[in-house]
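Engineer: Residue numbers (full-length UniProt numbering), protein chains in the order written: chain A, 1 to 241; chain B, 1 to 241; chain C, 1 to 241; chain D, 1 to 241; chain E, 1 to 241; chain F, 1 to 241.
In this text, a Cβ means the ideal position worked out from N, Cα and C, and glycines have one as well.
6 protein chains.
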Amino acid sequence: MRPDGRKPEELRPVRIHRNYLKYAEGSVLIEIGDTKLVCSASVEDKVPPFLKGQEKGWVTAEYSMLPRSTEVRTPRDSTRGRINGRSCEIQRLIGRSLRSVVDLSVLGERTIWVDCDVIQADGGTRTAAITGAFVALVDALRKLKEQEGWERLPVSDYVAAVSVGKVEDSLRLDLCYAEDSRAAVDMNVVMTGDGRFIEVQGTAEGAPFTEEELYDLLSLASAGIRRLVAYQKEVLGNLHE
Amino acid sequence: MRPDGRKPEELRPVRIHRNYLKYAEGSVLIEIGDTKLVCSASVEDKVPPFLKGQEKGWVTAEYSMLPRSTEVRTPRDSTRGRINGRSCEIQRLIGRSLRSVVDLSVLGERTIWVDCDVIQADGGTRTAAITGAFVALVDALRKLKEQEGWERLPVSDYVAAVSVGKVEDSLRLDLCYAEDSRAAVDMNVVMTGDGRFIEVQGTAEGAPFTEEELYDLLSLASAGIRRLVAYQKEVLGNLHE
Amino acid sequence: MRPDGRKPEELRPVRIHRNYLKYAEGSVLIEIGDTKLVCSASVEDKVPPFLKGQEKGWVTAEYSMLPRSTEVRTPRDSTRGRINGRSCEIQRLIGRSLRSVVDLSVLGERTIWVDCDVIQADGGTRTAAITGAFVALVDALRKLKEQEGWERLPVSDYVAAVSVGKVEDSLRLDLCYAEDSRAAVDMNVVMTGDGRFIEVQGTAEGAPFTEEELYDLLSLASAGIRRLVAYQKEVLGNLHE
Amino acid sequence: MRPDGRKPEELRPVRIHRNYLKYAEGSVLIEIGDTKLVCSASVEDKVPPFLKGQEKGWVTAEYSMLPRSTEVRTPRDSTRGRINGRSCEIQRLIGRSLRSVVDLSVLGERTIWVDCDVIQADGGTRTAAITGAFVALVDALRKLKEQEGWERLPVSDYVAAVSVGKVEDSLRLDLCYAEDSRAAVDMNVVMTGDGRFIEVQGTAEGAPFTEEELYDLLSLASAGIRRLVAYQKEVLGNLHE
Amino acid sequence: MRPDGRKPEELRPVRIHRNYLKYAEGSVLIEIGDTKLVCSASVEDKVPPFLKGQEKGWVTAEYSMLPRSTEVRTPRDSTRGRINGRSCEIQRLIGRSLRSVVDLSVLGERTIWVDCDVIQADGGTRTAAITGAFVALVDALRKLKEQEGWERLPVSDYVAAVSVGKVEDSLRLDLCYAEDSRAAVDMNVVMTGDGRFIEVQGTAEGAPFTEEELYDLLSLASAGIRRLVAYQKEVLGNLHE
Amino acid sequence: MRPDGRKPEELRPVRIHRNYLKYAEGSVLIEIGDTKLVCSASVEDKVPPFLKGQEKGWVTAEYSMLPRSTEVRTPRDSTRGRINGRSCEIQRLIGRSLRSVVDLSVLGERTIWVDCDVIQADGGTRTAAITGAFVALVDALRKLKEQEGWERLPVSDYVAAVSVGKVEDSLRLDLCYAEDSRAAVDMNVVMTGDGRFIEVQGTAEGAPFTEEELYDLLSLASAGIRRLVAYQKEVLGNLHE
């Protein structure tokens, strides 16, 4: 039995509140079980130095946790004077995932800053960040589309993500913290609405895992992401209408 | 007329949601108009080096803004690689204000970390932080009282804070951002439940101000804080019952 | 009795040596009792990024203490690898205070850097910094006036500052370190030559203070600042002659 | 055709020089095509704070590139004053991979520091780091085994890693830089000697990839790693003899 | 002719004011021409980690310049967020020079922190720092001798330093800034009272220099240091009386 | 007897492998006994801010040690979050030494970055860095000469460096680590091919040294450098042919 009574292939309840912040071009509060994040998408009219003069835009992400989003208080990066390795890795993943469905050449010399701030962490914060950030990003791009008179939203497909893992010899979808912290295998999967992979990151925390386990985990993730994308569609409507 | 139609001596609507976070010993979401902060109080069983061996505790605060809590996105301190001067100043103010009503010698060798994170900023974030943090702190101390069998809560009085200022030649209570950004005088006042001052910080942003203006601003603040403390009492009940 | 035998409303001896440094456009050594600072004003022909293209100038301050200006050696910020919160707060106060009397639009795209370095600290370093820095600033601006052929010095009034506090139940002017370190109330006041307030920062270090105490402290400060401004006039002569 | 004339499923030439450094407990120079790294394993008789008192050891990795290991010189982290996000991510991967086959409880309160420094980078530096670091680690542990009189080497299996990817619609093993920089899919795979997975990290750089492509890439990687492990066995001999 | 009319082998006027700071165990204001520094020696009752448990002490130095000690304002290290390479080098030189005449085993587990802060820089600040710091150090050690009842001052000889250089084809003693900035050869020499060398650092700024020039510069330096030591003796009296 | 059986005036075996790195404009692996460094010279088409618009170039150096180049592992600067004082000093020395023989006005607005990374440290790393970096620099400048059609290589002479010291009362050339770590006097000397001095840095680690010892050490160094330059000539051929 799972700590919260779910079946192995069951997601926690998901809620996405759009327009959560007053100033941001796009923003959501996403709740997946007890995991809660604020994701915002901010438009800046310039690009990082390595893109200057190339007439295309950029999408970048930052990820951080409030100090008391965690069971034990985590000191702030700004106080510790150094960036957290884990945060680094996660924000690179979020940025890559979102960029894979955005046509950067349509953006012009603009950066979309996606900020994912964890208010409460109960497992799956990085995948919730991607699922929520996608919604905030679409809202921001819809505003830009309006404002710039673009013909189409420069987004090729939905993007959502979920974690899967092996806990006590059973394969499970959407691990909560109590499961994640003792999982033997931990995998994060990012997919598009049409069922293709953007990112697969599987890690043996204890013993290595077999090919068969890998394939079973991937199909568990795939089914979960299908449901998350269905919910994104419900929230956002069709991308190109 | 004020931007949101208030009278000069009128507060914005205030709401404090207790137990906002699952893990923290005390936590609130405080909303004052469109200003929103999460304040949490975390108990750690050790003290900073300068207090070691003195058999007393410490209360310290950290303050930060989510990047898109502001009209224009503010880069993170951790990315800029340096601490923001303004945040520094504010967290020192919050810490001092809370310590002034706590009997640190009762705490034992413990630190209460008070984290104030601004989700949305529409003026008055530092005073809202104090007003909300006080509630989170009391909740954390009540848990400690229970756990340690203290006879009394080691808190001598309520603490709340408000901003006042001079805008377009009128003196006003609880400035929103549109007022704050063009105030000629800006003052933050922190008071106890019995009407005494913990901190008075008045700044001429443009022309200096007279003694009379100072006194009028202080009584405006004093009336506002009385109402905030009344609300804290409603939320928390009597401190010593 | 006060540690140095002064009466409650008595300032320590004040001396300001002008042109203390060979290279700076303006510089002083200010001594208030055993508190000694070097304040310099340096002219730079550019403004910070947020002012570019606005055809006005800027006045900014930095404050630091020599490691052994204090009773116990204080490690350098550069060695500790982080900026001191207290220094941050003080340099923001000095900058704001000086800017409140300078007409920045006359300066052109120039920054005046005001450096206040504490050689010896015996209480009241931040207020001494303001009182001394004002003199260095005027000297630098007089040079610029000469050089640029301005009609008038772009300074509207004198600025000086003093600390007051409540120590052992008596209200006192210009606290030395031995008083400051055990004051129940500590207040820093910055005023103009015509007796108006630029900044009032009052803090209860122990018990909160009453409205009456606040008013008495302010009039003590006001009298002290009147004497400091008189001395600045003696040293600088009339601002507009 | 591949830039260096290889077949899609062909590895570049691999050479591992053991005992490359005079002082390190274990060290190699690993060359895979033009990619060259020095990997060393250093034994320190203490553990990081989070492991204190648990009577087990730790294996941690650091990864860095010489400034001119790359086509265009890369500024040093120490000069830029901040850690590189990519390096962070890679060193976490190396550490996790090695720990997955080491019995930390045998080590006692010791840390093995694994340093992977890239002398020349022509693609696949992170996977070469893992393959080489494993050899350096085994050499260091063999010395400890001798010195401590352990009965067995606390290593459960060989570990090697390789990159695979999709370049110009063909799936290829062991990408060189010219391929890696324009790959549509880029995947790093870490496996044990018995063919199980430790880590799978697949990323769509351009278009997302299908389930079938994922499976084909994994079997390409699996075949490559089998050959790398065979080479490690040749170099190291049997782990438990 | 030299800019200030001196003869090639002439020192600038030197003045050392002892006990310049109220709190430091030893302190001086040293003036050599227009070069002015405050040097202080502070006693701390612990040693750096690398010396723990060895029953000996340490002497270490820090060197910094006030921002406007220089012709053009120099930004502070703490603001720039990184330590200045030149300061680093100088403080290591000062520390080494002083340690070479102190018997560290007598100190016990104590550190003497020597702080050299440049108030005004007109060439030769590092050598003036050594010459002044020696006096501050002796004063601090004399206090410790008294307090600890040591039989002898643990200082084997006087230490002083001077710069020499080749400017416009003439060899000169004690370069001022105008000379230093266009010297072809610049040399700093640290010697003991008995005429032996502690440190010789000669640098060709333009063309390399010959053996003969090196020897001539060393004897110029040696004569200058003899006079500086004579002045130290006058100021401090005999070290062992 | 010396630890490795050499005579006092004997160099360790020296080998310089040119073109060690694939991408760098110039690069060597230099081995002097067990001391090994990679030195590379990289051309960048811009100059540091202080040289902009002056139509001349710059040569700058960076020096670092691999963590396990040393007997005990040295933590990385990037991990410690601060630059090492010793590295700072050494890279300034390397840069100055190389600039003293390069005609910067010929380079145009270009920077040559010289990176010296110590693979294995057995004493004399800074002098080996200079000796090796000179070769890498010449190779890079020869490429530039070709590419730019310069008439002559803008290098006036060879540059090499060596350490000398006093160990157990004997004066010795080219100290290995076992000697260096207990030397009473340690001296680094940089000279040109025609026997003139670029830099002399002599330090008394224990007792001060006499003038005679200084002269004897300098001639020992001078003889050693003559042999190193002979080897550079063999490796590089004549500079101007």
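Beta carbons nearer than 9 angstroms to chain B: which residues of the stretch 104-120 of chain C have them?
Structural biologist: Within the stretch 104-120 of chain C, no residue qualifies.
Engineer: What residue range is occupied by the uninterrupted alpha helix (DSSP H) comprising Arg92 (chain B)?
Structural biologist: Numbered from its first residue, the second sequence carries residue 92 (chain B) at position 92. Element bounds for Arg92 (chain B): 85-99.
Engineer: Taking 8 angstroms as the threshold, find out whether the stretch 112-126 of chain D comes into contact with the stretch 164-179 of chain D through three or more Cβ pairs.
Structural biologist: The stretch 112-126 of chain D is in contact with the stretch 164-179 of chain D.
Engineer: Please list, in chain order, the chain E residues whose beta carbon lies closer than 7 angstroms to that of Val72 (chain F).
Structural biologist: One-based indexing of the sixth sequence puts residue 72 (chain F) at position 72. Within chain E, no residue comes near Val72 (chain F); the closest Cβ sits about 11 angstroms away, beyond 7 angstroms.
Engineer: For the beta strand (DSSP E) containing Lys166 (chain F), list its first residue and its last residue.
Structural biologist: Residue numbering aside, residue 166 (chain F) sits at position 166 when the sixth sequence is read from its first letter. Counting along the chain, the beta strand (DSSP E) containing Lys166 (chain F) begins and ends at 159-167.
Engineer: Counting only beta-carbon separations shorter than 8 angstroms, does Thr192 (chain E) have a partner in chain F?
Structural biologist: Taking the fifth sequence and counting its residues from 1, one reaches residue 192 (chain E) at position 192. So yes, Thr192 (chain E) belongs to the interface.
Engineer: Going by beta-carbon coordinates alone, are Arg73 (chain B) and Ser42 (chain A) separated by less than 8 angstroms?
Structural biologist: Your numbering for residue 73 (chain B) matches position 73 in the second sequence. Your numbering for residue 42 (chain A) matches position 42 in the first sequence. Yes, Cβ-Cβ distance for Arg73 (chain B) and Ser42 (chain A) is below 8 angstroms.
Engineer: When you compare the CB of Lys233 (chain A) with every CB in chain B, is at least one pair closer than 8 angstroms?
Structural biologist: Residue 233 (chain A) sits at position 233 when you count from the first residue of the first sequence. Judged by the 8 angstroms Cβ criterion, Lys233 (chain A) is not in contact with chain B.
Engineer: List the endpoints of the continuous alpha helix (DSSP H) containing Val135 (chain C).
Structural biologist: Here residue 135 (chain C) refers to the residue found at position 135 of the third sequence. 125-148 is the extent of the alpha helix (DSSP H) around Val135 (chain C).
Engineer: Quick check: what's the CA-CA separation for Ala161 (chain F) versus Leu66 (chain E)?
Structural biologist: The residue labelled residue 161 (chain F) in the question sits at position 161 within the sixth sequence. The residue labelled residue 66 (chain E) in the question sits at position 66 within the fifth sequence. So the alpha carbons of these two residues sit roughly 36 angstroms apart.
Engineer: So Gln232 (chain D) is in the beta strand (DSSP E); what residue range does that whole segment cover?
Structural biologist: Position 232 of the fourth sequence, counted from the start, is the residue given in the question as residue 232 (chain D). Run containing Gln232 (chain D): none in the beta strand (DSSP E); it sits in the alpha helix (DSSP H), 211-236.
Engineer: What residues of chain D sit near Leu93 (chain F), judged by a beta carbon separation below 8 angstroms?
Structural biologist: In the sixth sequence, the residue the question calls residue 93 (chain F) occupies position 93. Within 8 angstroms Cβ-Cβ: nothing; Leu93 (chain F) doesn't reach chain D, min ~17 angstroms.
Engineer: Give a yes or no on whether the minimum CB-CB distance between Ser100 (chain A) and chain D is below 8 angstroms.
Structural biologist: Working through the first sequence from its first residue, we reach residue 100 (chain A) at position 100. Closer than 8 angstroms: yes.
Engineer: Starting from Lys22 (chain A), find everything on chain B with Cβ-Cβ shorter than 8 angstroms and list it in chain order.
Structural biologist: Here residue 22 (chain A) is taken as the residue at index 22 of the first sequence, counted from 1. Within chain B, the residues near Lys22 (chain A) are Asp34, Gln120, Asp122.
Engineer: For the ligand NAD, any of its heavy atoms closer than 7 angstroms to the Cβ of Ile112 (chain F)?
Structural biologist: As for the ligand NAD, it is missing from this structure, which has no ligand bound.
Engineer: Confirm, please, whether the CB-CB distance from Asp115 (chain A) to Pro92 (chain B) is below 8 angstroms.
Structural biologist: Residue mapping note: residue 92 (chain B) aligns to position 92 of the second sequence, counting from 1. Residue mapping note: residue 115 (chain A) aligns to position 115 of the first sequence, counting from 1. Reading off the sequence shown, one finds Arg at residue 92 (chain B), where the question assumed Pro. No, they are not a contact pair.
Engineer: Is there a C-beta anywhere in chain A that falls below 8 angstroms from the one on Gly85 (chain D)?
Structural biologist: Stepping through the fourth sequence from its first residue, residue 85 (chain D) is reached at position 85. Yes - at least one Cβ of chain A is within 8 angstroms of the one on Gly85 (chain D).
Engineer: Say whether chain C places a C-beta atom closer than 8 angstroms to the C-beta of Ser40 (chain E).
Structural biologist: For the purposes of this step, residue 40 (chain E) is identified with residue 40 of the fifth sequence, where counting begins at 1. At least one chain C Cβ lies under 8 angstroms of Ser40 (chain E).
Engineer: Say whether the stretch 18-36 of chain F touches the stretch 205-212 of chain F, bearing in mind that this needs 3 or more beta-carbon pairs closer than 8 angstroms, one atom from each stretch.
Structural biologist: No, the stretch 18-36 of chain F does not touch the stretch 205-212 of chain F.
Engineer: Can you tell me which residues form a DSSP beta bridge with Ser170 (chain B)?
Structural biologist: Reading the second sequence from its first residue, position 170 is the one you call residue 170 (chain B). Paired residue(s): B:Val167.
Engineer: Specify, as a first and last residue, the run of the alpha helix (DSSP H) that Leu104 (chain E) falls within.
Structural biologist: Working through the fifth sequence from its first residue, we reach residue 104 (chain E) at position 104. Residues 104-107.
Engineer: Please tell me whether Thr210 (chain E) has its Cβ less than 8 angstroms away from any Cβ of chain F.
Structural biologist: Numbered from 1 along the fifth sequence, position 210 holds the residue referred to as residue 210 (chain E). Yes, Thr210 (chain E) lies at the interface with chain F (some Cβ there is under 8 angstroms from its Cβ).
Engineer: On the DSSP letters alone, give me the boundaries of the alpha helix (DSSP H) that Ala178 (chain E) sits inside.
Structural biologist: Here residue 178 (chain E) refers to the residue found at position 178 of the fifth sequence. Element bounds for Ala178 (chain E): 177-180.
Engineer: Could you list the residues in the stretch 55-67 of chain D with a C-beta less than 8 angstroms from some C-beta on chain F, going in chain order?
Structural biologist: Of all residues in the stretch 55-67 of chain D, Glu62, Ser64, Leu66, Pro67 have a Cβ within less than 8 angstroms of some Cβ in chain F.
Engineer: Buried or exposed: where does Ser163 (chain E) fall if 16 or more other Cβ atoms within 10 Å of its Cβ makes it buried?
Structural biologist: Counting from 1 along the fifth sequence, the entry for residue 163 (chain E) is found at position 163. Buried is the call here.
Engineer: On a CA-only basis, which of A:Cys39, A:Leu217, A:Pro154 is nearest Arg126 (chain A)? Give me that one, please.
Structural biologist: Numbered from 1 along the first sequence, position 126 holds the residue referred to as residue 126 (chain A). Minimum Cα distance to Arg126 (chain A) is reached at A:Cys39.
Engineer: Determine, using beta-carbon pairs with one atom in the stretch 163-173 of chain A and one in the stretch 137-144 of chain A, whether at least three such pairs fall under 8 angstroms.
Structural biologist: Segments in contact, no.
Engineer: Taking contact to mean at least 3 C-beta pairs separated by less than 8 angstroms, is the stretch 141-160 of chain E in contact with the stretch 222-240 of chain E?
Structural biologist: Output reads yes: the stretch 222-240 of chain E touches the stretch 141-160 of chain E.
Engineer: With DSSP run on the structure shown, which of helix, strand or coil describes Arg76 (chain B)?
Structural biologist: Taking the first residue of the second sequence as position 1, residue 76 (chain B) is located at position 76. Three-state result, Arg76 (chain B): coil.
Engineer: Just verifying my parser: in three-state terms, what is the DSSP assignment at Arg2 (chain D)?
Structural biologist: In the fourth sequence, the residue the question calls residue 2 (chain D) occupies position 2. Residue state, collapsed to three classes: coil.
Engineer: Check whether the Cβ of Ala204 (chain D) lies closer than 8 angstroms to any Cβ atom in chain A.
Structural biologist: Numbered from 1 along the fourth sequence, position 204 holds the residue referred to as residue 204 (chain D). Yes - at least one Cβ of chain A is within 8 angstroms of the one on Ala204 (chain D).
Engineer: Which residues in chain D sit within 8 angstroms of Glu44 (chain F), going by Cβ to Cβ distance?
Structural biologist: Stepping through the sixth sequence from its first residue, residue 44 (chain F) is reached at position 44. Chain D residues near Glu44 (chain F): Arg73.
Engineer: Return the residue from the list C:Leu218, C:Glu151, C:Ser219, C:Val200 that minimises the CA-CA distance to Phe97 (chain C).
Structural biologist: By one-based count along the third sequence, residue 97 (chain C) stands at place 97. The sequence shown places Ser at residue 97 (chain C), rather than the Phe named in the question. Closest option to Ser97 (chain C), Cα to Cα, is C:Val200.
Engineer: Mind pulling the chain E residues with CB within less than 9 angstroms of Cys176 (chain F)?
Structural biologist: In the sixth sequence, residue 176 (chain F) corresponds to position 176, counting from 1. Under the 9 angstroms cutoff, chain E gives no residues; its nearest Cβ is about 22 angstroms from Cys176 (chain F).
Engineer: Name the one or two DSSP bridge partners that Ile112 (chain A) has.
Structural biologist: For the purposes of this step, residue 112 (chain A) is taken as residue 112 along the first sequence, with counting starting at 1. Answer is A:Val43, A:Val59.
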